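For the sequence shown, numbering that gives the first Met the number 0 begins at 0 and goes up steadily by one. See structure below.
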Amino acid sequence: MILPVLQYPDERLRRKSQPVDEITDEIRELASNMLETMYDEEGIGLAAPQVGHFIRMIVIDISPCYETEEGNVEDNGEPPMPMVLINPELSFSGATVKSEEGCLSVPNSYRATVPRREKVSLKALSLDGDPIELEADGMLAICLQHECDHLDGKLFIDYISRLKLNLYKASLRKLVKA
Ligand code: NI
Numbered sequence: 000m001i002l003p004v005l006q007y008p009d010e011r012l013r014r015k016s017q018p019v020d021e022i023t024d025e026i027r028e029l030a031s032n033m034l035e036t037m038y039d040e041e042g043i044g045l046a047a048p049q050v051g052h053f054i055r056m057i058v059i060d061i062s063p064c065y066e067t068e069e070g071n072v073e074d075n076g077e078p079p080m081p082m083v084l085i086n087p088e089l090s091f092s093g094a095t096v097k098s099e100e101g102c103l104s105v106p107n108s109y110r111a112t113v114p115r116r117e118k119v120s121l122k123a124l125s126l127d128g129d130p131i132e133l134e135a136d137g138m139l140a141i142c143l144q145h146e147c148d149h150l151d152g153k154l155f156i157d158y159i160s161r162l163k164l165n166l167y168k169a170s171l172r173k174l175v176k177a
């Protein structure tokens, strides 16, 4: 089932999500619906709070894309490789890198360049409750940082300058009036 995705400036996107205590059928169904929604919207990640569930669960699939030299994400025809991560925790390393991002919760396909860390170590649980530990760099590292931010009520536009943010907000107001 495709779920409606909350849109900025919806205040619910600012809520801090709670850890998952038990992986129930309800959680499994939500994970499956989140993946369906993410693929339908052609996103590479989605966090539970974006669909109104304030629990620490994210889904990611970066397999069908690659990053071009210009930093764009393009389809590479690879088969999908969905990841469901429960209670993800990141630790950061490496340099600060520039990352051009958009978000399914930020209207008008707005994109901006934000700072991220080059590498992350991830600890999480799988949908079966098995521990997952992995080191990531490249697009996976960026995507993990973006999605985990959602669990703490943070959006990528929080990293842009006040001037850029105001310009973006003004463009949204104009659209509403039109
Ligand atoms: Ni997002």
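For glycine and all other residues, C-beta sits at the position ideal for the given N, C-alpha and C. If you're wondering where the values come from, they're calculated on a predicted model, not measured in any experiment.
Exercise. Which of helix, strand or coil does DSSP assign to E134?
Worked result: Counting from one through the sequence shown, the residue named residue 134 turns up at place 135. In this structure, DSSP gives E134 an extended state, which the three-state scheme calls strand.
Problem set entry | Residue span of the beta strand (DSSP E) that contains M80, given as start and end | By one-based count along the sequence shown, residue 80 stands at place 81. Segment: none, M80 is in no beta strand (DSSP E) and carries neither H nor E.
Problem set entry | Secondary structure of F155, DSSP reduced to three states | Along the sequence shown, read from residue 1 onward, the residue named residue 155 stands at position 156. Of the three classes helix, strand and coil, the one that applies to F155 here is helix, per DSSP.
For this session: Identify every residue that forms a DSSP beta bridge with K163.
Result: Here residue 163 is taken as the residue at index 164 of the sequence shown, counted from 1. The secondary-structure analysis by DSSP pairs K163 with nothing; it has no beta-bridge partner.
Exercise. Counting by C-beta, which residues lie closer than 6 Å to a heavy atom of the ligand NI, in chain order?
Worked result: Here the residues come out as C102, L103, S104, H145 and H149.
Exercise. What's the C-alpha gap between F91 and S16?
Worked result: Stepping through the sequence shown from its first residue, residue 91 is reached at position 92. Stepping through the sequence shown from its first residue, residue 16 is reached at position 17. If you take the alpha carbons of F91 and S16, they lie about 21 Å apart.
For this session: With DSSP as the reference, please indicate the residues paired to P114 in a beta bridge.
Result: The sequence position of residue 114 within the sequence shown is 115, counting from 1. Partner(s): K97.
For this session: With a threshold of 7 Å, establish whether the CB of A123 neighbours any heavy atom of the ligand NAP.
Result: The model depicted lacks the ligand NAP and carries the ligand NI instead.
Problem set entry | Residues bridged to I54 [DSSP beta-bridge criterion] | As a working note, residue 54 is residue 55 in the sequence shown. Answer is Q17.
Exercise. Is the stretch 151-165 touching the stretch 124-143 in the sense that three or more CB pairs, one from each, lie closer than 8 Å?
Worked result: Contact between the stretch 124-143 and the stretch 151-165 is not established, with fewer than three Cβ pairs separated by less than 8 Å.
Exercise. Assuming I1 and T36 make a contact with CB atoms under 8 Å, what is their CB distance in whole Å?
Worked result: Residue 1 sits at position 2 when you count from the first residue of the sequence shown. Residue 36 sits at position 37 when you count from the first residue of the sequence shown. Your pair I1 and T36 checks out as a contact, with CB atoms roughly 5 Å apart and the cut at 8 Å.
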